[in-house]
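Remarks on the structure that follows.
Numbering (full-length UniProt numbering), first residue to last: 1 to 598.
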């Protein structure tokens, strides 16, 4: 079943780690990777010329480490695995290799299995089960899977096998493996996993990203490393200065390709790929499969990639995440957020998303004043400050993190129990990646989203459809906001109120929430617009409210005594010791100074 790619009749099981094998590959696609696709050169990497690989004498390299010679699982087992995980897969080579459903199936070398055993991973995740045999067979791969599904190990573990089959990297050599990531947070996460699982094989890694000291990064590259994990901009800087070369790269990974294109990195990616030999092995991972990602894959996965998708929909949502929706007035969002935070325990870890940097800082000040110990992270913070905040959050010393979308990808904190979308994202792709921060590694999570009556109807309609596809309850006031005709509402699983009991979804309960466990009528009777006819009430009274807002703050609560109903004299577990002393007097100041929507 296993064997060296040069000996099809070999009966020995395992991986070849023979350093004298050199490079080997049967494919050479010429210069097809240098200029594929249409794009406009705006000066990025203008000193970086694409290499004409047809004029290069390419040494061979080994990339086939697994040949499927016998069935390791029955057809019934494989069919059930595909069905349970909503998997679609297709291969231009004919049959897709059978998945590895256990770590025993993988026959990874002992130096890898030592780290897997130490990590206490029970079995490969669905994307890992399919990616391992595909990649180890030497094929290119396109993997579409939800955030938090284990994609990093899908490319990392086979890359270690790939590296150990090549000649040792020497000082001045470029890397064997290149991983491109959209953000420094994701790059740093991949670096940590590489160091963790490459420890036994003494893997040498360099993480290259902007906002950090160039001198130390340059020195590390010049020493010679096996793996470079990089954001596109900083890598181009080092390529233009000839600090490193990509001529030895034979294993390329584009992680979160959709996000890189969304962030405008297409030109940089094409420049970088023009520096890499065309017969490399290319792996592309993404949470979505839009047209621009398909075009990139068509241009740069020339070695007939195997396509694997985990999940039923174009936007892959983790089904272990309970999605809760609040439709409310803009001035009452902060009240609802604080009420929900009060329901949580010290075991819970919370990530809150705000739309703006100013909103992050404002919310941080307000929650800290209320007694909630929290920190904020956004693009204006220096890298050392961001590292400090992330370390505090990961260690649990700070259990509430407020972030802009800079942290919605690549934020690897496995025990986040709740994600709050305080400001609802403008596109559903961002929503998917935000809530993907919870429910990781097989755990269950909870995502709470706030929509206001001023939010775009189009995004609310998309949200309704996404909740429906994910078999989640849909509040009637969300259907009102989306202007869904009552005659078509019978297809939806609706609830009469958008107010749920969040206590039923805390991190202490690791079991799946039951169908009848979803709703608790905890809406305060003094809150406006919370009944099923809330949207109609809002529309009929909007003019009156607008007139009233001219004479008072738009954030001021109409009933300050409402806080007494939530027992504010009893300090919740989540609050710091000095949080309750001023609580009853802070409401007006908080609402007047929040500035969340600017």
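Think of the CB as a built atom: it goes at the ideal place given N, C-alpha and C, for glycine as much as any other residue.
Answer with buried or exposed for residue 427, where buried requires no fewer than 16 other C-beta atoms within 10 angstroms of its C-beta.
Within 10 angstroms of the beta-carbon of residue 427 lie fewer than 16 other beta-carbons, which makes it exposed.
Hey, quick one: how far does the alpha helix (DSSP H) through residue 219 stretch, first residue to last?
Its alpha helix (DSSP H) spans residues 214 to 223.
Note down, in chain order, each residue of its chain lying with its Cβ closer than 8 angstroms to the Cβ of residue 244, except the 5 sequence neighbours on either side.
Taken in chain order, the residues that qualify are 174, 175, 221, 222, 228, 238.
Can you tell me whether residue 171 is helix, strand or coil according to DSSP?
In this structure, DSSP gives residue 171 a state outside helix and strand, which the three-state scheme calls coil.
To the nearest angstrom, report how far apart residue 264 and residue 323 are at their CA atoms.
So the two alpha carbons sit approximately 30 angstroms from each other.
Give every residue of the same chain whose Cβ lies closer than 6 angstroms to the Cβ of residue 106, excluding the five residues on either side of it in the sequence, and list them in chain order.
Correct list, in chain order: 100, 132.
Helix, strand or coil for residue 126? Go by DSSP, reduced to three states.
In this structure, residue 126 counts as helix in the three-state DSSP scheme.
Which two residues bound the contiguous alpha helix (DSSP H) that contains residue 464?
Its alpha helix (DSSP H) spans residues 457 to 469.
Leaving aside the five residues before and after residue 431 along the sequence, list all residues of the same chain whose C-beta is less than 6 angstroms from its C-beta, in chain order.
Within the same chain, Cβ atoms closer than 6 angstroms to the Cβ of residue 431 are found at 425, the five residues on either side in sequence being excluded.
Return yes when the Cβ of residue 160 is within less than 8 angstroms of the Cβ of residue 197, no when it is not.
Yes, they are a contact pair.
If you drop the 5 nearest sequence neighbours on each side, which residues of the same chain put their C-beta closer than 6 angstroms to that of residue 68?
Within the same chain, residue 68 has close Cβ partners 97.
How would you write the range of the alpha helix (DSSP H) that residue 261 sits in, first residue to last?
For residue 261, the enclosing alpha helix (DSSP H) covers residues 257 to 262.
With a threshold of 16 other CB atoms inside 10 Å of the CB of residue 483, please say whether the residue is buried or exposed.
Burial check for residue 483: the Cβ neighbour count within 10 Å stays below 16, so the residue is exposed.
Can you tell me the Cβ-Cβ gap for residue 261 and residue 296, rounded? I've got them flagged as a contact below 8 angstroms.
Sure, about 7 angstroms apart at Cβ, within 8 angstroms.
Please look up how many angstroms separate the CB atoms of residue 321 and residue 439, rounded, as I've assumed it's under 8 angstroms.
Contact flag correct, Cβ pair sits at about 4 angstroms.
Excluding five sequence neighbours on each side, which residues of the same chain lie with their C-beta closer than 6 angstroms to the C-beta of residue 572?
Per-residue confidence for residue 572 stands at a pLDDT of 47, beneath the threshold of 50, marking its modelled position as unreliable; the derived number appears in the next sentence. 342, listed in sequence order.
Give the DSSP-derived three-state secondary structure of residue 443 in the structure shown.
In this structure, residue 443 counts as coil in the three-state DSSP scheme.
Spatially closest choice to residue 423 from 467, 451, 433, 435, by CA coordinates:
Ranking 467, 451, 433, 435 by Cα distance to residue 423 puts 451 first.
Could you check if residue 276 is buried or exposed, using at least 16 other CB atoms within 10 Å of its CB as the buried criterion?
Buried: at least 16 other Cβ atoms inside 10 Å.
Buried or exposed: residue 185, going by 16 or more other Cβ atoms within 10 Å of its Cβ?
So residue 185 counts as buried.
Measuring straight from C-alpha to C-alpha, what distance separates residue 113 and residue 380?
About 41 angstroms.
What are the boundary residues of the beta strand (DSSP E) that includes residue 228?
In the DSSP annotation of this structure, the continuous segment of the beta strand (DSSP E) that includes residue 228 starts and ends at 227 to 230.
From residue 181 to residue 378, what does the alpha carbon distance come to, in whole angstroms?
Their Cα atoms are separated by approximately 18 angstroms.
Could you check what DSSP says for residue 334 in three-state terms: helix, strand or coil?
Secondary structure at residue 334: helix, using DSSP grouped into helix, strand and coil.
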